[in-house]
DNA sequence: CCTGAGGATGTAACCGGTTACATTGTACCC
DNA sequence: GGGTACAATGTAACCGGTTACATCCTCAGG
């Protein structure tokens, strides 16, 4: 019923083939010479017995797990699928397994010990704020391979990270609104407090204002939390207070959706009265009304690069510290540009 | 540089605390009596040494990995994020780790041996067609815990599975088109060949036709492959051939998107001339033009139930064989129903 | 005072691989 | 013919935990 405990071990294979376990191990791992005849016999025996080496035993003996851990602060969202696909694809092609740990609540592990680490993986990928600074310092102290995704490390910690070009894109987007569409009072909707992408996007926004001689008005920077409903409420409040603005640069597409909804219920025309742009280019963005002008984030590439960096770090002990992937403006209609027909999707 | 091999073992802890390894192990696992005084000393020492038990060693000794494997035929898409979230959440709450193996190409492992199995996990979750029938038989023969997701096992294999109510929903959706919107020539767009969800949806569709006395026309069943572009091409071809139809039941929302696009470029009014409905209720579906009437699939719940079933199977050696989760019609505009304003999102 | 029960702890075998080292055999070269 | 090099293989220790079993101690009951 429960456990026939029939698991086949390397000794069973060795006995059946009339050789020693060392020979079997060497043959499997190509780690020493084995005669052709014995090799063939082993192939046959292993096939016959359905032998599969026990991962834990191997890990214990070699101190290599060939597993990497991925820490996510929140699984779900459009973000996650392409990121994972990129990571998984690269890892698989190098023979690594992927162990995932996630949480609904951001910062679940802050202060606690991590579910992945030296005891069960060869290295870890940490997304955004999934790890706190203590974790980073401890892991570095142990020389444990670690790569951050969408997050830069504290200045004194040389931890490789992979993230996207936020500032330049935000600058370009803001400049587009100013130059092409003559907007001057542009609201910026921030992400959650401390969110790094949002931080850089805001910097780019401010820089663009400065570069065009538009004074920065702190009253135009509002909370969006990368959340549809928060953004909706924020814009409603702004309208009610009579704050004047002619464009909204939402921190991400999620909040842009809320902005569009709020303007819609108030009967304000987009883009004629108020232009709206976002960031990320999510799946639904082309279908919003009007189609959302935004910035495409190469999320799958982020995953691929992060995995690549980590593997190099494990193998060579070193890799590039900073990988910044390019982003790209996606002009649709919500900024005021004309319909360009069969756009991408 | 490379490996300071400074890993702290249970013997280090034992020595430092002046007790034997057995005592330490017993204390950690609460598997035998340990005096209060020693317990406190051990707590202190473990904290001081940052001791974390080595997972592989424990697994080897206990023959329990506390890890489950998830096999995906293709990661990515709106589908996976909620599914994974559900799985991860339940597993984590029971102390299980999640090992993921995926592929871009469907059926990558068909005929080959699997990346997860008895050698590295306590049980596996298999999504749709990720495993072939040989895999299923072999795993069953070894009594290895296995739960299928969005797939039912061959009739002679008692493998638990978790899937959604496709037939009843498809029946209800088709009936809605017939009864509420007087449609009689309804195209059904199939998923990829062999896709099980699609199969049941088609059964529901046919049953509804029969129940309303509408003769089944095989010429109205076409390929959609759950793919936007395939669906687009199929509808274009149908229009060009002059096939008469007044509604399209797309096998999923992805293909419904293609249908809408094709009808749009041909200047056909939806829903006035042709009604369109889908299945899944993806993120973008409310934003299509017109907003898509579809069926909501409780994907996160599927993940939760599957994980729950597997854990029961591992713990108790048995669980329910079939879990069928309810789906729900989501009426929007593409079927011809009037706008109901602030719909869900 | 002796005995038995049970609490607290230690000793050592074991899980299933890997690998350093030893051993044997054969071919090759001088 | 003797020595060397190297291919092919075996022996046994080791990785870091768990756990069956043995030991020792204390305390209650007769």
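Protein chains in written order, with the working numbering: chain A, 61 to 405; chain B, 61 to 405. Cβ coordinates follow ideal geometry from the N, Cα and C atoms, glycine included.
In terms of alpha-carbon separation, which member of 283(A), 266(A), 295(A), 286(A) lies closest to residue 277(A)? Taking the first chain and counting its residues from 1, the one referred to as residue 277(A) is at position 217. Out of 283(A), 266(A), 295(A), 286(A), 266(A) has the C-alpha closest to the C-alpha of residue 277(A).
Grouping DSSP H, G and I as helix and E and B as strand, with all else coil, what is residue 69(A)? Residue numbering aside, residue 69(A) sits at position 9 when the first chain is read from its first letter. Of the three classes helix, strand and coil, the one that applies to residue 69(A) here is coil, per DSSP.
Residues of the region 107 to 122 of chain A in Cβ contact with chain B at a cutoff of 7 Å, in chain order, please. Those residues of the region 107 to 122 of chain A that come within reach of chain B (Cβ to Cβ, closer than 7 Å) are 112, 113, 114, 115, 116, 117, 119, 120.
Can you name, in chain order, every residue of its own chain whose Cβ lies under 6 Å from the Cβ of residue 258(B), other than the five neighbours on each side? Here the question's residue 258(B) lines up with position 198 in the second chain. If we look at residue 258(B) and ignore the five residues flanking it on each side, its Cβ neighbours are 250, 251, 311.
Please list the terminal residues of the continuous beta strand (DSSP E) segment that includes residue 250(B). What you label residue 250(B) is simply residue 190 of the second chain in a count that begins at 1. It spans 246 to 250 - the beta strand (DSSP E) in which residue 250(B) sits, taken as one unbroken run.
Could you tell me which uninterrupted alpha helix (DSSP H) segments, each at least 4 residues in length, are contained entirely in the region 136 to 172 of chain B, listed from first to last along the chain? Counting whole runs of 4 or more residues, the region 136 to 172 of chain B contains the alpha helix (DSSP H) stretches 140 to 153.
Do you know offhand how far residue 288(A)'s Cα is from residue 321(A)'s? Counted from its first residue, the first chain places residue 288(A) at position 228. Counted from its first residue, the first chain places residue 321(A) at position 261. Roughly 9 Å between the two C-alpha positions.
Please look up how many angstroms separate the CB atoms of residue 355(A) and residue 341(A), rounded, as I've assumed it's under 8 Å. Taking the first chain and counting its residues from 1, the one referred to as residue 355(A) is at position 295. Taking the first chain and counting its residues from 1, the one referred to as residue 341(A) is at position 281. Indeed, because the Cβ distance is near 7 Å, the residues count as touching under 8 Å.
Confirm, please, whether the CB-CB distance from residue 370(B) to residue 185(B) is below 7 Å. The residue you call residue 185(B) lines up with position 125 of the second chain. The residue you call residue 370(B) lines up with position 310 of the second chain. Contact flag set, yes.
Beta-carbon proximity list for residue 387(A), same chain, < 8 Å, skipping 5 on both sides: If you number the first chain from 1, residue 387(A) lands on position 327. Once the five neighbours on either side are set aside, the close Cβ partners of residue 387(A) are 224, 225, 226, 228, 229, 355, 356, 357, 358.
Are the Cβ atoms of residue 116(B) and residue 116(A) separated by less than 7 Å? On the second chain, position 56 is the one that residue 116(B) refers to. On the first chain, position 56 is the one that residue 116(A) refers to. Contact flag set, yes.
At the level of alpha carbons, what is the spacing between residue 111(A) and residue 172(B)? Looking up residue 111(A) in the first chain gives position 51. Looking up residue 172(B) in the second chain gives position 112. Between residue 111(A) and residue 172(B), the alpha-carbon positions lie close to 14 Å from each other.
Compare the C-alpha of residue 395(A) against each of 384(A), 246(A), 168(A) and name the closest. Counted from its first residue, the first chain places residue 395(A) at position 335. Closest option to residue 395(A), Cα to Cα, is 246(A).
Please identify the residue among 305(B), 158(B), 330(B) whose C-alpha is closest to the C-alpha of residue 317(B). On the second chain, position 257 is the one that residue 317(B) refers to. Scanning 305(B), 158(B), 330(B) for the CA closest to the CA of residue 317(B) turns up 330(B).
Given residue 381(A), which residues of its chain have a CB within under 8 Å of its CB, disregarding the five upstream and five downstream residues? Residue numbering aside, residue 381(A) sits at position 321 when the first chain is read from its first letter. In its chain, beyond the 5 residues on either side, 218, 219, 220, 221 have a beta carbon closer than 8 Å to the beta carbon of residue 381(A).
Could you tell me which of 113(B), 379(B), 200(B), 353(B) sits nearest to residue 178(B), measuring between CA atoms? For this step, residue 178(B) is matched to residue 118 along the second chain. Each of 113(B), 379(B), 200(B), 353(B) was checked against the Cα of residue 178(B), and the nearest Cα belongs to 200(B).
Taking the C-alpha atoms as reference points, what is the distance between residue 205(A) and residue 363(B)? Residue mapping note: residue 205(A) aligns to position 145 of the first chain, counting from 1. Residue mapping note: residue 363(B) aligns to position 303 of the second chain, counting from 1. Residue 205(A) and residue 363(B): Cα-Cα distance of roughly 31 Å.
Do we get a CB-CB distance below 7 Å when we pair residue 292(B) with the residues of chain A? To locate residue 292(B), count along the second chain from 1; it is residue 232. With a threshold of 7 Å between beta carbons, residue 292(B) makes no contact with chain A.
Where residue 162(A) meets chain B, residues with beta-carbon distance less than 9 Å: Counting from 1 along the first chain, the entry for residue 162(A) is found at position 102. Under the 9 Å cutoff, chain B gives 144, 145, 148, 149, 152, 158.
Residue 74(B) and residue 84(B): beta carbons closer than 7 Å? On the second chain, residue 74(B) is found 14 positions in, with the first residue counted as 1. On the second chain, residue 84(B) is found 24 positions in, with the first residue counted as 1. Contact flag set, yes.
Three-pair Cβ contact test at 8 Å for the region 151 to 166 of chain B versus the region 114 to 134 of chain B: The region 151 to 166 of chain B and the region 114 to 134 of chain B touch, with no fewer than 3 CB-CB distances between them shorter than 8 Å.
Within the 7 Å Cβ cut-off, does residue 343(B) reach chain A? Here residue 343(B) refers to the residue found at position 283 when the second chain is read from its first residue. For residue 343(B), a Cβ of chain A is located within less than 7 Å of the residue's own Cβ.
Interfacial residues, the region 307 to 329 of chain B to chain A, with Cβ spacing under 7 Å: Listed by position along the chain: nothing, the set is empty.
Quick one: using the 10 Å Cβ neighbour count with 16 as the cut-off for buried, is residue 407(B) buried or exposed? Residue 407(B) lies beyond the range of chain B shown here (61 to 405); nothing can be said about it.
Use the C-beta contact count for residue 190(A): other C-beta atoms within 10 angstroms, 16 or more gives buried, fewer gives exposed. For the purposes of this step, residue 190(A) is taken as residue 130 along the first chain, with counting starting at 1. Label assigned to residue 190(A): buried.
Environment of residue 242(B) [buried if 16+ CB atoms lie within 10 Å]: Working through the second chain from its first residue, we reach residue 242(B) at position 182. Around the beta carbon of residue 242(B), fewer than 16 other beta carbons sit within 10 angstroms, so the residue counts as exposed.
Where residue 348(A) sits in the DSSP three-state scheme: One-based indexing of the first chain puts residue 348(A) at position 288. Residue state, collapsed to three classes: coil.
Determine the direct distance from the alpha carbon of residue 143(B) to that of residue 291(A), and round the result to whole angstroms. Looking up residue 291(A) in the first chain gives position 231. Looking up residue 143(B) in the second chain gives position 83. In a straight line, the C-alpha of residue 291(A) is about 27 Å away from that of residue 143(B).
Hey, is residue 409(A)'s beta-carbon within less than 7 Å of any beta-carbon in chain B? With chain A covering only 61 through 405, there is no way to say anything about residue 409(A).
Taking 7 Å as the cut-off, decide whether the C-beta atoms of residue 283(A) and residue 350(A) are in contact. Here the question's residue 283(A) lines up with position 223 in the first chain. Here the question's residue 350(A) lines up with position 290 in the first chain. Pairing residue 283(A) with residue 350(A) gives a Cβ-Cβ distance that is not under 7 Å.
Inspect the beta-carbon positions of residue 125(B) and residue 182(B) and report whether they are closer than 7 Å. Within the second chain, residue 125(B) is the residue found at index 65, counting from 1. Within the second chain, residue 182(B) is the residue found at index 122, counting from 1. Contact: yes.
Helix, strand or coil, according to DSSP, for residue 395(A) in the structure here? One-based indexing of the first chain puts residue 395(A) at position 335. Judged by DSSP in its simplified three-state form, residue 395(A) adopts coil rather than helix or strand.
Spatial distance of residue 232(A) from residue 313(A) (CA atoms): By 1-based counting over the first chain, the position of residue 232(A) is 172. By 1-based counting over the first chain, the position of residue 313(A) is 253. When rounded, the distance between both Cα atoms is 17 Å.
Any Cβ of chain B within less than 7 Å of the Cβ of residue 70(A)? In the first chain, residue 70(A) corresponds to position 10, counting from 1. Among the CB atoms of chain B, none fall inside 7 Å of the CB of residue 70(A).
Check whether the Cβ of residue 62(B) lies closer than 7 Å to any Cβ atom in chain A. What you label residue 62(B) is simply residue 2 of the second chain in a count that begins at 1. Bear in mind that the predicted position of residue 62(B) carries a pLDDT of just 32, short of 50, making it too unreliable to give a figure here.
Going by DSSP, which residues form a beta bridge with residue 186(A)? Position 126 of the first chain, counted from the start, is the residue given in the question as residue 186(A). Paired residue(s): 131(A), 208(A).
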